[in-house]
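J.:
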Amino acid sequence: MTDNQEHYVKLTFSDGTPETVLPIRPSSCGPDAIDVRELYKKTGKFTYDPAYMATGSCASHISFVDGEKGKLLYRGYPIEELATQCNYLEVCYLLLHGELPNVRRREGFEDLVMHHTMVHDQLEYFLRGFRRDAHPMAVLTGLVGAMSAFYPKSCNLMDSEQRNMAAIQLIAKMPTLVAMTYKYSIGEPFNYPKNGLSYAANFLRMMFRIPCEDYVGNDVLNRAMDRIFILHADHEQNASTSTVKLCASSGTSPFAAIAAGVASLWGPQHGGANEAALRMLSELVDQGGEARIGEFIKRVKDKSSGVRLMGFGHRIYKSYDPRAKLMRQTCHEVLKELDAETDPLFRLALKLEQIALEDDYFVSRHLYPNVDFYSGIVQKAMGIPTPLFTAIFALARTVGWFAQMNEMIKDPHYKIGRPRQLYVGEVERHVVPAEERA
Ligand code: CMC
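When we follow my numbering, the leftmost residue of the sequence shown carries the number 17, and every step to the right adds one.
1. Within the chosen definition, does the stretch 248 to 260 reach the stretch 276 to 288 through at least 3 CB pairs nearer than 8 Å?
2. The ligand CMC and His286: does any heavy atom of the ligand fall closer than 8 Å to the residue's C-beta?
3. According to DSSP, what are the bridge partners of Asp137?
4. Would you mind sorting Ser30 into buried or exposed? The rule is 16 or more other CB atoms within 10 Å of its CB.
5. Grouping DSSP H, G and I as helix and E and B as strand, with all else coil, what is Asp19?
6. In this structure, how does DSSP classify Tyr384 when only helix, strand and coil are distinguished?
7. In three-state terms, what does DSSP make of Arg434?
8. Is it true that the stretch 181 to 201 meets the stretch 215 to 224, where meeting means three or more beta-carbon pairs spaced less than 8 Å apart?
9. Answer yes if the stretch 285 to 302 comes into contact with the stretch 46 to 65, meaning at least three C-beta pairs across the two stretches below 8 Å, and no otherwise.
10. Taking buried to mean at least 16 other C-beta atoms within 10 Å of its own C-beta, is Gln437 buried or exposed?
11. Would the stretch 110 to 129 and the stretch 418 to 438 be scored as touching if the rule is three or more Cβ pairs under 8 Å?
12. What whole-angstrom Cβ distance do Ser380 and Met343 have, given they're in contact under 8 Å?
13. First and last residue of the beta strand (DSSP E) that includes Leu89?
14. Regarding Gly416 and the ligand CMC, is the C-beta to nearest heavy atom distance less than 8 Å?
15. Whole angstroms are fine: how far does the CA of Val37 sit from the CA of Glu22?
16. Does the ligand CMC have even one heavy atom less than 8 Å from the beta-carbon of Arg434?
17. Given a cut-off of 9 Å on the beta-carbon distance, is the pair Ala264 and Met424 in contact?
18. Rounded to the nearest angstrom, what separates Val25 and Arg53 at their Cα positions?
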């Protein structure tokens, strides 16, 4: 214990291990943490916490979630203010550098990112090696991993210049890679990026422009896309972020670490939930839509059915998901703009939302529509195919992964990550000859 340590915890053991004292580290918001780093040295024991439900893996300055109050902060700024007053690239700057940029820095950063949007020409041939019906996340995991081979001068994670360049390159090129993945899947020619456009407008143009027609962007849709990017940019030490950090902790290439994050995000319990929510809605429409909604809700409430209302509920947000509130607003704007409010799928979604907000089963369990419910509806209305939703989530989260990885590398306590285990297998035994084995 140091002299200036204000709070501590005293551990007593029933197995004869001597009493020990561990410091409590204060947080700036949220719960304080018991610092167990010295526990093994002092007691010969370590902690057991599968899924890390009670373990803080780092001290971070980047994002903060208060699930009880429904709050999300990036570098201290409420997500509501960032989503309504800033654009995605300003948020990227904030996450990477800790402060919002002034006008000169914002312009410089936008210029830097937008001048790295093109990808190496040879990457196209790599992409063409995939089957056209491959899942976009399978393709994206491969493309991002392959970046190390195309940009070898940005592969040294320990060199801050190379690491920063890798961040700019990937933030700039992810929209190009995702749009190329989509165009390839439907057999349309790729579009080059257009640097005079905003980040979101450039992405939507690369997605939907075809060479034989003029492409006219839509400000409501560009804003909606930008908001999806902002809302998905970072979210504490979730599975994909922790994957990126553990992977990078070995000192591997930053592109390899981000590819690991893309792979983790793919899972339906993580970034894949928006795809699952849309699938559920489509199936319900196919089975009879609004006429069958009562029966469906009955099945959701019946535990033995194993059916869940996808896009509802959240592990951490128990009052509401602040991102969902913002996305809901965008959802209504987009449906209105596209005259899609009467589409059976969207009508069904709005009906489910209404039921969940009023029905005691959902209200009493704090099950509100989450961000994935609305972002799925918005993307579907914009014409984005369902399997691409998670790839767009990965695009938006790339900046958070880089910010978190940078913070880890710069931490003076940085070491390769290496969780311990509680071994419960066989104790040491010896090989017997094959003919004597049971
Ligand atoms: N539909 C019906 N019942 C539900 C649902 C749901 N979507 N979610 C939770 N419940 C019930 C659950 O059966 C339980 O009831 P009871 O107390 O009677 O046993 C109660 O609500 C609490 O559930 P839980 O499983 O303890 O809640 P959790 O915090 O472990 O689960 C969740 C959170 C997100 C996994 C869950 O709500 C869920 O499966 N939702 C649907 C999938 C989804 O939309 N996931 C995306 C989350 S946002 C992703 C992100 O931020 O990365």
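Glycine included, C-beta positions come from ideal geometry on N, C-alpha and C.
T.: According to the data block:
1. yes
2. The answer is yes for His286.
3. None; Asp137 has no bridge partner.
4. An exposed status is given to Ser30, since fewer than 16 other beta-carbon atoms sit within 10 Å of its beta-carbon.
5. Unreliable positioning characterises Asp19 in this predicted model, as indicated by a pLDDT of 49, which lies under 50. The coordinate reading is nonetheless provided below. Asp19: coil per DSSP, three-state reduction.
6. coil
7. It is coil, neither helix nor strand.
8. yes
9. no
10. exposed
11. yes
12. Between Met343 and Ser380 the Cβ distance is about 24 Å, and since that is not below 8 Å, they are no contact.
13. For Leu89, the enclosing beta strand (DSSP E) stretches over residues 87 to 90.
14. No; taking the cut-off as 8 Å, the Cβ of Gly416 has no heavy atom of the ligand CMC nearer than that.
15. 12 Å
16. no
17. yes
18. 13 Å
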